[in-house]
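Engineer:
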Amino acid sequence: MTQAPLEIDDNNDDELYEHYAFTAEKGQQPLRIDKYLMNFIENATRNKIQTAAKNGSIYVNDIPVKQNYKVKPFDKIRVLFEHPPYEYLLTPENIPLDIVYEDDVLLVVNKPAGMVVHPGHGNYSGTLINALTYHFDNLPNNSSNRPGLVHRIDKDTSGLLVIAKTEEAMTHLSKQFFDKTSEREYVAIVWGNVEADSGTVEGNIGRHPKNRLQNTVFEGDEADKGKPAVTHYKVIERLGYVTLVSCKLETGRTHQIRVHMKHIGHTLFNDERYGGEKILKGTTFSKYKQFVDNCFKVLPRQALHAKTLGFEHPITGEFMRFNSEIPEDMQQCIDKWRNYSKHQDLE
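For the sequence shown, the tail end lands on 347 under UniProt numbering, and the numbers increase by one without skipping.
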């Protein structure tokens with residue numbers, strides 16, 4: 001028996017909301033849809049996906065399917081629920097903010113590691129946006145309807161963000177980021193000894209074809225895929241099996257520093273999503289493994305901090321530059337490596 005395609009009536013009280021949409025690649029091998037979606041939806045469990053399928057929420061080519069459906073090339077997969085995505089249901093929350101600077105049209109905040117910038121799947125509360133909407137009224141929406149946000153940094157990256165308080169400031173600041181006239185410098189600990197004192201990484205960045213939770217640099221025949229990205233790096237300190245580097249962004253792609261540094265063979269220290277939570281450089285001695293594990297415990301996240309932020313003030317035209325201290329967890333990790341490298345005969 002064939003099933004009728006899904007029809008959604010605009011006047012139907014039972015309207016379904018799209019939460020996810022994917023199109024299978026042309027080289028997709030047959031794979032159960034519950035396993036397929038686990039590779040594409042962050043924080044999803046197989047049990048939740050199977051429950052969604054049993055409830056008729058997973059559609060392939062507009063037809064509801066069960067969890068054992070085998071995904072084929074070019075299948076259009078959608079996950080639909082009766083409620084809108086939670087990221088659109090924004091609840092103000094009284095969360096303290098570390099405000100570095102504030103005036104009538106903007107503010108600069110120092111975001112701690114572990115705080116998500118805006119609501120999304122699995123993170124509907126406790127975000128920077130939840131905090132901002134509590135402390136500030138009538139923040140302007142950006143092009144993605146996110147109040148105040150001019151740019152963003154990852155959940156486990158700490159550091160500086162500028163927030164617009166007026167429509168004029170939003171437009172002016174967003175244009176600076178688009179035109180690459182803003183200044184953004186990050187500090188990172190990366191695996192390996194970065195041989196060149198400085199350099200530039202260029203390469204289009206886009207979603208990894210086999211793992212949508214990662215981004216990748218496209219090369220060769222696929223070099224024109226993704227979006228152009230440029231990162232300038234400079235060695236701050238060599239610490240044996242890891243290196244402390246400064247990274248300046250010319251563009252601002254998702255995971256740009258994490259992807260570019262991995263691309264040149266220097267994955268960020270303890271960057272779980274990109275493989276940096278494993279020992280990538282060093283010895284096989286158990287004492288070394290214990291030392292690295294202790295560093296991971298001190299710094300349970302990717303070693304990345306947005307240290308410097310510069311931009312032209314939307315009203316006065318003055319160029320403003322803000323700096324933030326390296327947070328304690330990252331500084332402790334640096335100190336451990338500094339001490340280790342002084343007392344080891346590193347090859």
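Glycine residues also receive a C-beta, built at the ideal position from the N, C-alpha and C atoms. On a predicted model such as this, the values are computed, not experimentally measured, just so you know.
For T216 and H313, I'd like the C-alpha separation in whole angstroms.
Structural biologist: One-based indexing of the sequence shown puts residue 216 at position 216. One-based indexing of the sequence shown puts residue 313 at position 313. In a straight line, the C-alpha of T216 is about 34 Å away from that of H313.
Engineer: Could you give the DSSP three-state label for V65: helix, strand or coil?
Structural biologist: Position 65 of the sequence shown, counting from 1, holds the residue named residue 65. DSSP places V65 in coil when its eight states are reduced to three.
Engineer: Quick check on the burial criterion: 16 or more other C-beta atoms within 10 angstroms. Buried or exposed for E168?
Structural biologist: Within the sequence shown, numbered from 1, the residue matching residue 168 stands at position 168. Answer is exposed; the Cβ neighbour count stays below 16.
Engineer: Which residues bound the beta strand (DSSP E) around Y101?
Structural biologist: Numbered from 1 along the sequence shown, position 101 holds the residue referred to as residue 101. Element bounds for Y101: 99–102.
Engineer: On the three-state DSSP scale, how would you describe R46?
Structural biologist: Counting from one through the sequence shown, the residue named residue 46 turns up at place 46. Reduced to three states, the DSSP call for R46 is helix.
Engineer: Just how far apart, CA to CA, sit T251 and L90?
Structural biologist: The count along the sequence shown starts at 1 and reaches residue 251 at position 251. The count along the sequence shown starts at 1 and reaches residue 90 at position 90. One C-alpha to the other measures close to 29 Å.
Engineer: Using the three-state DSSP reduction, which class does R207 fall into: helix, strand or coil?
Structural biologist: Your numbering for residue 207 matches position 207 in the sequence shown. In this structure, R207 counts as strand in the three-state DSSP scheme.
Engineer: Which residues in the same chain as T166 place their Cβ atom closer than 7 Å to its Cβ, once the five residues preceding and following it in sequence are excluded?
Structural biologist: Here residue 166 corresponds to residue number 166 of the sequence shown, with the count starting at 1. V105, P140, listed in sequence order.
Engineer: Among the candidates H343, F296, Y186, whose CA atom is the shortest distance from the CA of H255?
Structural biologist: Here residue 255 is taken as the residue at index 255 of the sequence shown, counted from 1. Checking every option, the nearest Cα to that of H255 belongs to Y186.
Engineer: Just mark E285 as buried or exposed, buried being the case when its beta carbon has 16 or more other beta carbons within 10 Å.
Structural biologist: As a first step, residue 285 must be located in the sequence shown, where it is residue number 285. According to the sequence provided, residue 285 is Phe. The question's Glu does not apply to it. Per the 10 Å Cβ criterion, exposed.
Engineer: Since I believe L37 is in contact with E183 (beta carbons under 8 Å), could you give me their beta-carbon distance rounded to a whole number of angstroms?
Structural biologist: As a working note, residue 183 is residue 183 in the sequence shown. As a working note, residue 37 is residue 37 in the sequence shown. That pair is no contact at about 40 Å.
Engineer: Along the beta strand (DSSP E) that carries I95, what are the first and last residues, could you check?
Structural biologist: The residue labelled residue 95 in the question sits at position 95 within the sequence shown. Counting along the chain, I95 falls outside any beta strand (DSSP E), and DSSP gives it neither H nor E.
Engineer: How big is the Cα-Cα spacing for F291 and Q214?
Structural biologist: Counted from its first residue, the sequence shown places residue 291 at position 291. Counted from its first residue, the sequence shown places residue 214 at position 214. If you take the alpha carbons of F291 and Q214, they lie about 28 Å apart.
Engineer: Find out if the Cβ-Cβ distance for the pair A303, L268 is shorter than 7 Å.
Structural biologist: As a working note, residue 303 is residue 303 in the sequence shown. As a working note, residue 268 is residue 268 in the sequence shown. Cβ atoms of A303 and L268: closer than 7 Å.
Engineer: Which of the three DSSP states, helix, strand or coil, is assigned to R184?
Structural biologist: In the sequence shown, residue 184 corresponds to position 184, counting from 1. Note: R184 maps to strand in three-state DSSP.
Engineer: Can you have a look at H343 and say buried or exposed, based on whether 16 or more other CB atoms are within 10 angstroms of its CB?
Structural biologist: In the sequence shown, counting from the first residue as 1, residue 343 sits at position 343. By the neighbour-count rule (16 or more Cβ atoms within 10 Å), H343 is not buried but exposed.
Engineer: Give me the Cα-Cα distance between K180 and G226, rounded to the nearest whole angstrom.
Structural biologist: By one-based count along the sequence shown, residue 180 stands at place 180. By one-based count along the sequence shown, residue 226 stands at place 226. Their Cα atoms are separated by approximately 18 Å.
Engineer: Going by other Cβ atoms of all chains shown within 10 Å of its Cβ, with 16 needed for buried, is S324 buried or exposed?
Structural biologist: Taking the first residue of the sequence shown as 1, we reach residue 324 at position 324. With 16 or more other Cβ atoms within 10 Å, it is buried.
Engineer: Between the segment 91–104 and the segment 56–70, are three or more C-beta pairs nearer than 8 Å?
Structural biologist: Result no; under three Cβ-Cβ pairs closer than 8 Å.
Engineer: Could you check whether the Cβ of P314 sits closer than 7 Å to any Cβ belonging to chain B?
Structural biologist: Looking at the structure shown, chain B is missing, and only one protein chain is on hand.
Engineer: What residue range is occupied by the uninterrupted alpha helix (DSSP H) comprising I163?
Structural biologist: In the sequence shown, counting from the first residue as 1, residue 163 sits at position 163. No alpha helix (DSSP H) holds I163; the beta strand (DSSP E) holding it covers 158–164.
Engineer: In whole angstroms, what is the alpha-carbon distance linking I257 and E93?
Structural biologist: The count along the sequence shown starts at 1 and reaches residue 257 at position 257. The count along the sequence shown starts at 1 and reaches residue 93 at position 93. Approximately 31 Å between the Cα atoms of the pair.
Engineer: Residues in the same chain with beta-carbon distance under 7 Å from L97, minus the five sequence neighbours each way, listed in chain order, please.
Structural biologist: Counting from one through the sequence shown, the residue named residue 97 turns up at place 97. The residues are V109, A131, H135.
Engineer: Among L128, S158, L160, which residue has its Cα nearest to the Cα of P147?
Structural biologist: Position 147 of the sequence shown, counted from the first residue, corresponds to residue 147. That would be L128, whose Cα lies nearest to the Cα of P147.
Engineer: Mind the definition here: the segment 235–243 touches the segment 152–162 only if three or more C-beta pairs lie below 8 Å; say whether that holds.
Structural biologist: In short, these stretches do not touch, since the Cβ pair count stays below three.
Engineer: For N61 and Y20, what's the separation of their Cα atoms in angstroms?
Structural biologist: For the purposes of this step, residue 61 is identified with residue 61 of the sequence shown, where counting begins at 1. For the purposes of this step, residue 20 is identified with residue 20 of the sequence shown, where counting begins at 1. Rounded to the nearest angstrom, the two C-alpha atoms are 13 Å apart.
Engineer: Ends of the alpha helix (DSSP H) at H260?
Structural biologist: One-based indexing of the sequence shown puts residue 260 at position 260. Counting along the chain, the alpha helix (DSSP H) containing H260 begins and ends at 256–263.
Engineer: So the beta strand (DSSP E) T298 belongs to, where does it begin and stop?
Structural biologist: Taking the sequence shown and counting its residues from 1, one reaches residue 298 at position 298. Reading off the sequence shown, one finds Val at residue 298, where the question assumed Thr. No beta strand (DSSP E) holds V298; the alpha helix (DSSP H) holding it covers 286–298.
Engineer: Measure the C-alpha to C-alpha separation of E195 and V242 and round it to an integer number of angstroms.
Structural biologist: In the sequence shown, the residue the question calls residue 195 occupies position 195. In the sequence shown, the residue the question calls residue 242 occupies position 242. About 11 Å.
Engineer: Measure the beta-carbon distance from I189 to I334 and round it to whole angstroms, keeping in mind my assumption that it falls under 8 Å.
Structural biologist: Translated into the one-based positions of the sequence shown, residue 189 becomes position 189. Translated into the one-based positions of the sequence shown, residue 334 becomes position 334. About 7 Å; that satisfies the 8 Å criterion.
Engineer: Have a look at F74 and F319 and give me their C-alpha separation to the nearest angstrom.
Structural biologist: By one-based count along the sequence shown, residue 74 stands at place 74. By one-based count along the sequence shown, residue 319 stands at place 319. Each residue's alpha carbon lies about 49 Å from the other.
Engineer: Straight-line CA distance for A52 to G27?
Structural biologist: Mapped onto the sequence shown, residue 52 falls at position 52. Mapped onto the sequence shown, residue 27 falls at position 27. Cα-Cα distance, rounded: 26 Å.
Engineer: Identify the residues that DSSP records as bridge partners of G199: which are they?
Structural biologist: Start at 1 with the first residue of the sequence shown, and residue 199 comes out as number 199. BP columns for G199 point to Y233.
Engineer: Would S158 be called buried (16 or more neighbouring beta carbons within 10 Å of its own) or exposed?
Structural biologist: Reading the sequence shown from its first residue, position 158 is the one you call residue 158. With 16 or more other Cβ atoms within 10 Å, it is buried.
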